[in-house]
Amino acid sequence: MTALAPLEARRPVERPDFESELVDPAGLVVVERPLPWYERIVKNEAVQNGAILAGLALLWELYARFLDNPLLLPTFSEMVATFLRDIANGLLLNRITTSLKSLAYGYSAGLALAAIFTSVAVSTRLGSGLLTTLTAMFNPLPAIALLPLALIWFGLGTPSLVFVIIHSVLWAVSLNTLVGFRSVPETLRMSGRNLGLRGIRYVALLLIPAAFAAILAGMKIGWAFAWRTLIAAELVFGVSSRSGGLGWYIFEARSELETAKVFAGLFAVILIGLFVESVIFKFIERRTVLRWGMQR
Amino acid sequence: MAKPLLDVSGVTIQYKTPQHLVTATYKVSFGVYPSDRYVILGPSGCGKSTLLKAVGGFLEPVEGEIRLRDRKVTAPGPDRMMVFQEFEQLMPWKTVYQNVLFPMQVTGKFRGKDAHDRVNAIVEKVNLTRFKDVYPHMLSGGMKMRVAIARAMALEPDILLMDEPFAALDALTRRKMQQELLALWDQLRFTVLFVTHSIEEAIIVGSRILVLSPHPGRVRAEIGADAFSHENVDGVEFGAISKRIHRLLFEHEVEEARA
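Protein sequence lines correspond, in order, to chains A and B. FYI, my numbering numbers position 61 of the first sequence as 61, with every residue one higher than the one before it. Whatever position you read off the second sequence (first residue = 1), add 296 for my numbering.
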């Protein structure tokens, strides 16, 4: 290491002050150039997802043709044909409506119960302990395991299905909502109470929108649980052969060894799942948490 | 002398942490008169924010009482609108316009067209008309603070409570906000109770300054400071009052250090 230079040499370089007129920004040209069409298409999310799905369908079709055993694995085109046929003759639509009806009852009842539970839980200390314990007990319990009990209590039919769906929705939504409520910033709570908000108005006007990101996450999980549980429960029994749901459609097809029909049923389950997730929930998300900057 | 608008008499506030019982303020008394810009000044730990929260009705004093317009303060209410230091006080799911409108709707103090007219007027007064339909997450810190002040002002509270409202802002924005608050006060002559730990801010913003000593917070002095603003920050008098407050706040520390 060289010795430090003498102090004299380490003085900052002296230079004159200056003031200047501002440069006219009129010369600044902001060019907004659209991306070339191929880049726009490749980067489009819908196009990307569509390409992935088309690729999978193609692989399926090729492998099934190579295997040439329609009992084990029908081709993709055969499955689609069966699917369209059963849609056209109304059988599949009928099954789907039955399933969705049970789902709507169960899901909305589950949400309503969760709303009541969590409202009580945030306003009283005892309620909070109760909800936490109940959630810890019942959340890990698979809803389908309650089906035998539901059959004893409510018999074969929609009430049993609604019961198990409520069970699968209630705890997931309650847990998320409670976590959401608890993570609302103290300042926001105080500014709500400052206005004299209390009780149910406090929950509805302040806590629910403030915790909406967490609530929506809970609703998504709850929906997936409910849909799964419903199809599984319907596999166990059809209410009657005329009014069974999608699960029953799949089960029937299996006993008739119509593998293409089994696949068509599964296809319908997946399509509905995709629709709810990527259309309905996406729409709600875009209108709420994304717009409010609560989620990126 | 007339009766004070806000009368704080002999207020002791304690709160519990898991390990300790902390006495935040001890027998604090003061009075705020209409159109005062009353500043509570003190170092951290003098319980000034706690005192403000008690006036807001969020805490209950263990001793003494707080009266507003001769009514005892027991719970939070829209007659004492609070403006917080944090930016989280605005509702992220409402636009600027809706945020200002919301308190009027829930309290029912102003309704219908009257409420909307008030919102437009106050939003214009804080220069946010262009950003009326924007959500809070797209605003800068200073703009959020202006919305918070507008929201509180629009409701015409008896007293405006401000808890170190500018502490989280950068120095330039902070100065601008102080000027705007003073300009707004010049127009509307509202009563404000303002908490800060900055001596300079207290002198500039305040017309009366209550100096608190720390651990626990006790009243050290009350000083008039109506004559000072940004224009005379470098004047002799400003320096003198600033030194005087500094002495009041810190002389005990020096004595303790000597002893």
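The C-beta atom is built at its ideal place from N, Cα and C for all residues, glycine as well. The structure presented is a predicted model; accordingly, all values stated were derived computationally and were not measured.
Under 7 Å Cβ-Cβ, which residues of chain A neighbour residue i?
i, result
"proline 372 of chain B", "Arg193, Asn194, Gly196"
"proline 399 of chain B", "Leu195"
Should residue i be labelled buried (16 or more other beta-carbon atoms within 10 Å of its own) or exposed?
i, result
"tyrosine 202 of chain A", "buried"
"tyrosine 63 of chain A", "exposed"
"phenylalanine 283 of chain A", "exposed"
"threonine 425 of chain B", "exposed"
"glycine 404 of chain B", "exposed"
"threonine 124 of chain A", "exposed"
"methionine 137 of chain A", "exposed"
"methionine 434 of chain B", "exposed"
"alanine 237 of chain B", "Nothing can be reported for residue 237 of chain B, as the shown portion of chain B is limited to 297 through 555."
"leucine 246 of chain A", "buried"
"phenylalanine 326 of chain B", "buried"
"phenylalanine 427 of chain B", "buried"
"tyrosine 38 of chain A", "exposed"
"aspartate 522 of chain B", "exposed"
Could you name the residues of chain A that residue i contacts, counting a contact when the two beta carbons are closer than 9 Å?
i, result
"threonine 403 of chain B", "Leu195, Gly196"
"proline 357 of chain B", "Those do not exist, as proline 357 of chain B stays about 18 Å from chain A at its closest Cβ, beyond 9 Å."
"phenylalanine 462 of chain B", "Result: empty, since nearest Cβ-Cβ is about 15 Å, beyond 9 Å."
"proline 512 of chain B", "Result: empty, since nearest Cβ-Cβ is about 23 Å, beyond 9 Å."
"methionine 441 of chain B", "In chain order: nothing, as chain A lies at least about 13 Å away."
"methionine 473 of chain B", "Correct list: empty, because the minimum Cβ distance to chain A is about 18 Å."
Give the range of the alpha helix (DSSP H) segment to which residue i is assigned.
i, result
"alanine 143 of chain A", "Taken as a continuous stretch (DSSP letters only), alanine 143 of chain A belongs to no alpha helix (DSSP H), as it is neither H nor E."
"arginine 470 of chain B", "467 to 484"
"lysine 282 of chain A", "282 to 287"
"threonine 158 of chain A", "158 to 182"
"threonine 321 of chain B", "Looking at the DSSP string, threonine 321 of chain B is not in any alpha helix (DSSP H); the run it does join, the beta strand (DSSP E), is 317 to 328."
"leucine 337 of chain B", "From DSSP, leucine 337 of chain B is part of no alpha helix (DSSP H) but of the beta strand (DSSP E) over 333 to 337."
"glycine 502 of chain B", "Looking at the DSSP string, glycine 502 of chain B is not in any alpha helix (DSSP H), and its letter there is neither H nor E."
"methionine 449 of chain B", "437 to 450"
"threonine 98 of chain A", "91 to 123"
"serine 345 of chain B", "344 to 352"
"lysine 43 of chain A", "37 to 43"
"glycine 408 of chain B", "408 to 421"
Counting only beta-carbon separations shorter than 8 Å, does residue i have a partner in chain A?
i, result
"proline 339 of chain B", "no"
"glutamate 384 of chain B", "yes"
"tyrosine 431 of chain B", "yes"
"proline 314 of chain B", "no"
"phenylalanine 354 of chain B", "yes"
"methionine 449 of chain B", "no"
"methionine 434 of chain B", "yes"
Mind checking if residue i is an interface residue toward chain D, Cβ cutoff 8 Å exclusive?
i, result
"tryptophan 389 of chain B", "In summary, chain D is missing from the structure at hand, where the protein chains are A and B."
Tell me, please, whether the CB atom of residue i is closer than 8 Å to any CB atom in chain B?
i, result
"leucine 93 of chain A", "no"
"glycine 273 of chain A", "no"
"tryptophan 60 of chain A", "no"
"methionine 219 of chain A", "no"
"threonine 97 of chain A", "no"
"threonine 187 of chain A", "yes"
"arginine 287 of chain A", "no"
"methionine 294 of chain A", "yes"
Mind pulling the chain B residues with CB within less than 7 Å of residue i?
i, result
"leucine 205 of chain A", "Val402"
Please list, in chain order, the chain B residues whose beta carbon lies closer than 9 Å to that of residue i.
i, result
"methionine 190 of chain A", "Lys349, Gly352, Phe354, Pro372, Met378, Phe380, Gln385"
"arginine 228 of chain A", "Ordered by position in chain B, no residue passes the 9 Å Cβ test against arginine 228 of chain A, which lies about 31 Å from the chain."
"proline 209 of chain A", "Met387, Pro388, Trp389, Lys390"
State the start and end residues of the unbroken beta strand (DSSP E) segment that holds residue i.
i, result
"aspartate 459 of chain B", "455 to 459"
"lysine 390 of chain B", "Neither: lysine 390 of chain B is in no beta strand (DSSP E) and is coded neither H nor E."
"glycine 360 of chain B", "359 to 364"
"arginine 514 of chain B", "514 to 520"
"threonine 492 of chain B", "488 to 492"
"leucine 302 of chain B", "302 to 312"
"arginine 376 of chain B", "376 to 379"
Starting from residue i, find everything on chain B with Cβ-Cβ shorter than 8 Å and list it in chain order.
i, result
"arginine 291 of chain A", "Tyr431"
"proline 70 of chain A", "Correct list: empty, because the minimum Cβ distance to chain B is about 54 Å."
Write down every uninterrupted run of the alpha helix (DSSP H) in the stretch 53 to 82 of chain A whose length is 4 residues or greater and which is fully enclosed by it, in chain order.
none
Can you give, in chain order, each stretch of the alpha helix (DSSP H) that sits fully within the stretch 193 to 251 of chain A and has at least 4 residues?
Within the stretch 193 to 251 of chain A, the complete alpha helix (DSSP H) runs of at least 4 residues are 199 to 202, 212 to 236.
In chain order, which continuous runs of the alpha helix (DSSP H) of length 4 or greater are located wholly inside the stretch 520 to 549 of chain B?
If we require 4 residues or more, the stretch 520 to 549 of chain B turns out to have no alpha helix (DSSP H) run fully inside it.
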